[in-house]
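For the sequence shown, position 10 (counting from the first letter as 1) is numbered 10 according to the UniProt record's numbering, and the numbering increases by one without interruption. Each residue gets a CB set at the ideal place from its N, CA and C atoms; glycine is no exception.
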Amino acid sequence: MKELIIATKNKGKIRDFEQLFSPFSIQVKSLLDIEGIEDIEETGSTFEENAAIKAEAISNKFGVTVIADDSGLVVDALNGAPGVYSARYAGEDKDDQANIEKVLSELQGTSEENRTARFVCVLAVSQPAKETFFTRGECEGTIGYQVKGEHGFGYDPIFYPLNSRRTMAEMRPEEKNQISHRKKALDQLKKWVEQL
């Protein structure tokens, strides 16, 4: 069985990757499985830059193939915020609930047709002695008015995918994974994965 390192400590993302890679008989290892990895500072101003910083740092350290994702919520009425700051939007402690509350309060008084948003996921694949390459997936939708649903993580409880009456957090993980931004970015990796 082949192994891939996913450069994240986010349990929600790890679950998503495990589900998406299982059909290919690829075992996913995350930074939670490796001792002594300090947090890598994401100093980029784009999803691509941040994903590359993480993937290349871990790949160079261990000499193995690493996939890093940088993803977030882009809200049109907030000029693209929270964007690359999605995880820390309400502060450094990465509190999902506080982040959601901040977005909802900033959108107060914004009409339904102006609450358009998308989840963006950029994957950076770093391999020893090869150039890093990227895939990008987006999931269009709108921001609701209150938290709904028990599944998912991050902004899932306030995000309604296009043509859905349910938030991402109201969908079962298998349903979410059919339409998610991460799935779309991973679909573009399929050819590469099949050649592994």
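Given a threshold of 16 other Cβ atoms within 10 Å of its Cβ, counted over all protein chains shown, does Leu20 qualify as buried or as exposed? Position 20 of the sequence shown, counted from the first residue, corresponds to residue 20. Buried, by the Cβ-count rule.
Which word fits Asp39, buried or exposed, when buried means at least 16 other C-beta atoms lie within 10 angstroms of its C-beta? Here residue 39 corresponds to residue number 39 of the sequence shown, with the count starting at 1. With fewer than 16 Cβ atoms within 10 Å of its Cβ, Asp39 is classed as exposed.
Closer than 8 Å by C-beta to residue 217: which residues in its own chain qualify, once you throw out the five before and the five after it? Chain order, please. This structure leaves residue 217 out entirely; the chain is present only between 1 and 196.
Validate contact between the stretch 140-147 and the stretch 160-173 using beta carbons, cut 8 Å, 3 pairs: yes
Just tell me which of Gln195, Ala81, Glu56, Gly44 has its CA closest to the CA of residue 203. The first residue shown for the chain is 1 and the last is 196, placing residue 203 beyond what the model contains.
By Cβ distance, which residues of its chain are closer than 7 Å to Gly80, with the 5 residues on each side in sequence left out? In the sequence shown, residue 80 corresponds to position 80, counting from 1. Only Val74 meet the Cβ criterion.
Please look up how many angstroms separate the CB atoms of Leu104 and Ile158, rounded, as I've assumed it's under 8 Å. For the purposes of this step, residue 104 is taken as residue 104 along the sequence shown, with counting starting at 1. For the purposes of this step, residue 158 is taken as residue 158 along the sequence shown, with counting starting at 1. Contact holds; Cβ gap of about 7 Å.
Would you kindly report the start and end of the unbroken alpha helix (DSSP H) that includes Ser105? Counted from its first residue, the sequence shown places residue 105 at position 105. Start and end: 96-106.
Does Asp156 come out as helix, strand or coil in the three-state DSSP assignment? As a first step, residue 156 must be located in the sequence shown, where it is residue number 156. Asp156 falls in the helix class under three-state DSSP.
In the DSSP assignment, what are the bridge partners of Gln27? Position 27 of the sequence shown, counted from the start, is the residue given in the question as residue 27. In the DSSP output, where bridge partners are listed per residue, Gln27 has Glu3.
Going by Cα to Cα distance, which pick from Asp76, Ile34, Gly91, Ile67 is closest to residue 272? In the structure as shown, the chain begins at 1 and stops at 196. Residue 272 is therefore absent and cannot be evaluated.
Count the other CB atoms, across all protein chains shown, that sit within 10 Å of the CB of Leu189; report buried if there are 16 or more and exposed otherwise. Stepping through the sequence shown from its first residue, residue 189 is reached at position 189. Per the 10 Å Cβ criterion, buried.
In this structure, does DSSP put Arg88 in helix, strand or coil? Counted from its first residue, the sequence shown places residue 88 at position 88. Correct three-state label for Arg88: helix.
Return the Cβ separation of Pro128 and Gly83 in integer angstroms, given the expectation that the two are a contact with Cβ distance under 8 Å. In the sequence shown, residue 128 corresponds to position 128, counting from 1. In the sequence shown, residue 83 corresponds to position 83, counting from 1. At roughly 31 Å, the Cβ-Cβ gap does not stay under 8 Å, so Pro128 and Gly83 are not in contact.
According to DSSP, which residues form a beta bridge with Leu73? Position 73 of the sequence shown, counted from the start, is the residue given in the question as residue 73. Answer by DSSP bridge pairing, in chain order: Phe119.
Distance cutoff 7 Å, beta carbons only. Does Ser105 sit that close to anything in chain D? As a matter of chain content, chain D is missing from the structure shown, which is built from one protein chain.
Looking only at its own chain, which residues have a Cβ that is under 8 Å from the Cβ of His151, when we skip the five neighbours before and after it? Numbered from 1 along the sequence shown, position 151 holds the residue referred to as residue 151. Closer than 8 Å at Cβ, skipping near neighbours: Met168, Ala169, Glu170, Met171, Arg172, Pro173, Lys176.
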